[in-house]
Amino acid sequence: MSIDKRIVDDFVANGVEFVTTVPCKQLAGVIEELDQRDDVFHIPSNKEDEGMGLCAGAFMGGKRPAIIMQNTAIGVTINTLATLIQYYRMPLPMLISYRGELREPVACQVEMAVHTKALLAQMNIPTYHFHWQKDVEELDNILKYTFMCNKPVAILTDANFWGGYGDQ
Amino acid sequence: MIRSEILKEIAPILRDQLVVCNIGIPSQELHAIDDQPTNFYMLGTMGLASSIGLGVALAQDKKVISIDGDGSVLTNLGTLPTIANNVADNFILLIVDNGSYGSTGDQPTYAGMKTDLAKVAAACGCENVVECQAEDTGKVLQAAIDSDKMTIIVCKCESGNAKNPVITMDPVIIRDRFMKSVQA
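So the protein lines, in turn, are chains S and Z.
Here the first sequence is numbered in the working numbering, starting from 398 and rising by one per residue.
Here the second sequence is numbered in the working numbering, starting from 146 and rising by one per residue.
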């Protein structure tokens, strides 16, 4: 089974029906898989804070949400995480492409990568880092944990997890 | 008319609907005029009233009205293409356009200058965009509810704020009673 299908299967098995995305090359396969499924509603966002607003609404409307985005989005969404998702105590699994880590070809991506874990730690956001493909086995438990505790939870997925980035 | 006078006039229409209300003075005014468990007050996160409202509308069948402002829509302008391309016929976006950032001291917005939010919404692909004067808001809002079509209302009004206390209700209580109203 492809890693993309495995990830979407885990989301669906945990009742996630509403997924918003801002794309990343590493996440293209997951986004394509989402678009092929009838059991999950995919709504692309123009910016990640907008996406978190959509997810907050979907949750209050009775659907389990998730957001898929790059780690650069942590810089965009700190206020939304603090004053909407955390303040109103809402669950939000965040599947994050961890750009700027090992096997990254674009130097500028490293500039945000070095802040990513520190920012998530400062926000008291439970954070998991998938580096090897087998790490995906933890996803089901992470999703259960997220909806148990009603918190945003970060799943950082680096280039090595995705099998490298382009020719790197 | 200023925003608080509009909210007073449309309060009987809003009472039976799920309402997502914009941060700051708009929420304080609605809370003071007619607090309802069906009201979701935004206590932070400027700009997301339309996104939250669309999310609620897409997740279930009840009508949802987001009360937004021109300044907040400008903050999250990407919301209009998302709304246009994900039609929810149970969703109404009411933009109270007073041409100013009311909660921060009535500084002018670009919507009060050259930028026309009704035209922006139409250019983004929104199909039912109605611009109205403040006095007609109730009539236009009721027509939008009755139409069962997703509608964007741009309500032109004067700048100004009523004096009300800040909302001290716990955010989790606001969220919980709103969710219970959705499920009721």
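C-beta: ideal position from N, C-alpha, C; glycine also.
Computed from a prediction, not measured in an experiment: that's the story for all the values here.
Assuming residue i and residue j make a contact with CB atoms under 8 angstroms, what is their CB distance in whole Å?
i	j	result
S/M509	S/N476	Incorrect: roughly 17 angstroms between the Cβ atoms, too far for contact.
S/N547	S/M487	6 angstroms
S/D555	S/Y495	4 angstroms
S/L536	S/D407	5 angstroms
Z/G169	Z/S292	Actually they do not touch by this definition, with Cβ atoms about 30 angstroms apart.
S/I482	S/P549	5 angstroms
S/I552	S/L478	Incorrect: roughly 15 angstroms between the Cβ atoms, too far for contact.
Z/V285	Z/C277	5 angstroms
Output the distance between the C-alpha atoms of residue i and residue j, rounded to the nearest integer angstrom.
i	j	result
Z/G216	S/L451	19 angstroms
Z/I212	Z/A156	12 angstroms
Z/D179	Z/E150	13 angstroms
Z/G244	Z/P253	6 angstroms
Z/G192	S/E498	32 angstroms
S/I428	S/H526	20 angstroms
S/M457	Z/I297	22 angstroms
Z/T190	S/T480	6 angstroms
S/M545	S/F415	18 angstroms
S/I464	S/G560	22 angstroms
S/V409	Z/G223	28 angstroms
S/E501	S/Q423	11 angstroms
Z/I318	Z/Y186	11 angstroms
S/H528	S/V511	16 angstroms
S/T524	S/V437	24 angstroms
S/D532	S/R403	12 angstroms
Z/Q181	Z/V275	27 angstroms
Z/T282	Z/R160	15 angstroms
Z/T260	S/N411	44 angstroms
Z/T183	S/C505	46 angstroms
Here's the rule I'm using: 16 or more other beta-carbon atoms within 10 Å means buried, otherwise exposed. How should residue i be labelled?
i	result
Z/Y255	exposed
Z/Q328	exposed
Z/R148	buried
Z/A289	buried
Z/R320	buried
Z/P310	exposed
Z/G270	exposed
Z/A279	buried
Z/E272	exposed
S/S399	exposed
S/A453	buried
Hey, would you say residue i sits closer than 8 angstroms to residue j, going by beta carbons?
i	j	result
S/D540	S/P462	Checking the sequence shown, residue 540 of chain S turns out to be Leu, not Asp. No, Cβ-Cβ distance for S/L540 and S/P462 is not below 8 angstroms.
Z/V209	Z/L163	yes
Z/N231	Z/A194	no
S/F558	S/Q519	no
Z/C300	Z/I240	yes
S/R434	S/V405	yes
S/A455	S/V419	no
Z/L188	Z/T227	no
Z/A233	Z/L262	no
Z/V218	Z/I197	no
Z/S304	Z/D242	no
Z/N235	S/E447	no
By the three-class DSSP mapping on this structure, what secondary structure does residue i have?
i	result
Z/V241	strand
S/E414	strand
S/Y495	strand
S/I552	strand
Z/T260	coil
Z/G270	coil
S/L489	strand
S/I465	strand
Z/I168	coil
S/H439	strand
Z/D251	coil
Can you pull the chain C neighbours of residue i, defined as C-beta to C-beta under 7 angstroms?
i	result
Z/M324	This model lacks chain C altogether; the protein chains it does include are S and Z.
With respect to 7 angstroms, is the separation between the Cβ of residue i and the closest non-hydrogen atom of the ligand SAM below this value?
i	result
Z/L188	The ligand SAM is absent from the structure shown, which contains no ligands of any kind.
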